[in-house]
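Some notes on the structure that comes next.
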Amino acid sequence: MTLELQPIFDAWGEPDAATRAALVTPALNENFYYADPHAPHPYQGVSAFLDFLTVFAERVPVAAAKIVATSRHNTHARVTLDLTRDGAPMARVQYFIGHDINGKLTRMVGFMGTEDTA
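In numbering that gives the first Met the number 0, the protein residues as written are 0 to 117.
Take a look at the structure:
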């Protein structure tokens, strides 16, 4: 099983709602859970996550998210992303992702930055 993550992150910069849905829906478990460091609450379910992406696309219409590093362990992945806005660096973030045995994402929790502060 190959876990393809970049199409999910491509949805961040996609202006068209139908295209965003086509990018993420096949990859997500129906009970998908998403927690973003800038969101007031976590999002539960595919439609709630798509609502989050709609708001993100409206606030940052020329954003892009590119995977720069990935590590995997069993049904978990850690992904480091560079976020850009109109081609200019915006932030480096990390996501911790869980997936089921079929490769559908079950959980994605984001954190700002990647520096070790311990």
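For each residue, glycine too, the CB sits at the ideal point set by N, CA and C.
As the structure is a computational prediction, the values presented were derived from the model and not from experiment.
Sequence-distant partners of Phe8 (beyond 5 residues in either direction) whose C-beta falls short of 7 Å from its own C-beta, in its chain, are Ala64, Ile66 and Leu80.
Each of Gly112, Thr105 and Asp99 was checked against the Cα of Phe48, and the nearest Cα belongs to Thr105.
Bridge partners of Lys65 according to DSSP: Asp81. Under DSSP, Ile7 forms no beta bridge with any residue. If you draw a straight line from the Cα of Pro6 to the Cα of Pro39, it is about 25 Å long. For Pro14, the secondary structure class from DSSP, reduced to helix, strand or coil, is coil. Looking only at Asn101, Tyr33, Val78 and Asn28, the smallest Cα-Cα distance to Phe51 is reached by Tyr33. For the stretch 13-45, the full-length beta strand (DSSP E) segments reaching 3 residues or more read 27-34 along the chain. At a Cβ-Cβ threshold of 7 Å, Ala62 and Arg91 do not count as neighbours.
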